[in-house]
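Working notes, structure below.
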Amino acid sequence: MSGQLVRYVINGVVATVVHYGVLHFNIEVLQIPVAGIANAIAAVFGIAVSFVGNRYFVFHGQQGSLLKQGSLFLGVYVAIAALHALVMYIWADRLGYDYRIGFLIATAVQMAFSFIANKLLVFK
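To convert a position in the sequence shown, counted from 1, into the working numbering, add 1174.
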């Protein structure tokens, strides 16, 4: 496994822990009744952590324009967040399955897509 991929996994774990922590807080403490909405809110926090980690730790993309990278990253992650929210909505709200399992499924898809998009588009 390349160093970059290892760093990506570490960064992804940190961002996912933040994302899941906020999701859990939203559902269990704030009692937001729709998992898709609770997840969309949580995604904002996970995305922010992911950008900082990807820029400075994973891809060392400091040489690129922060505005350009931020805009591209935001575009990629808006698409990912929408996909993540859709999976959560279908899995938990429509099918009635445990939101935690839906979160894991959505996160696996997200990780593969985001590595490729960040490597080839955002932090190239």
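Yeah, the Cβ is synthetic: ideal placement off N, Cα and C, and Gly gets one too. The model shown is predicted, which means the values in this text are computed figures rather than measured ones.
- Contact check for Val1250 and Val1223: beta-carbon distance about 15 Å, past the 8 Å limit, so the pair fails to qualify.
- Beyond the five residues adjoining it in sequence on each side, Tyr1182 comes within less than 7 Å, by CB distance, of Val1232, Phe1289 in the same chain, given in chain order.
- Secondary structure within the stretch 1177-1233: the alpha helix (DSSP H) runs of 4 or more consecutive residues, fully enclosed, are 1177-1198, 1209-1227 (chain order).
- Of the candidates Ala1216, Tyr1263, Phe1247, Tyr1271, the residue whose Cα lies closest to the Cα of Asn1200 is Ala1216.
- Only residues of its own chain outside the window of five on either side were considered, and among them Gly1210, Asn1213, Ala1214 have a CB closer than 6 Å to the CB of Ala1259, listed in chain order.
- Counting C-beta atoms within 10 angstroms of its own C-beta, Ile1275 has fewer than 16 neighbours from the protein chains shown and is therefore classed as exposed.
- Taking the C-beta atoms as reference points, Gly1244 is found nearer than 8 Å to Phe1225.
- Rounded to the nearest angstrom, the gap between the Cα atoms of Gly1186 and His1234 is 15 Å.
- Taking the Cα of Gly1238 as reference, the smallest distance to any Cα among Val1218, Leu1278, Asn1292 is reached at Asn1292.
- Contact between Arg1229 and Phe1297 is confirmed by a C-beta separation of about 7 Å, below the 8 Å threshold.
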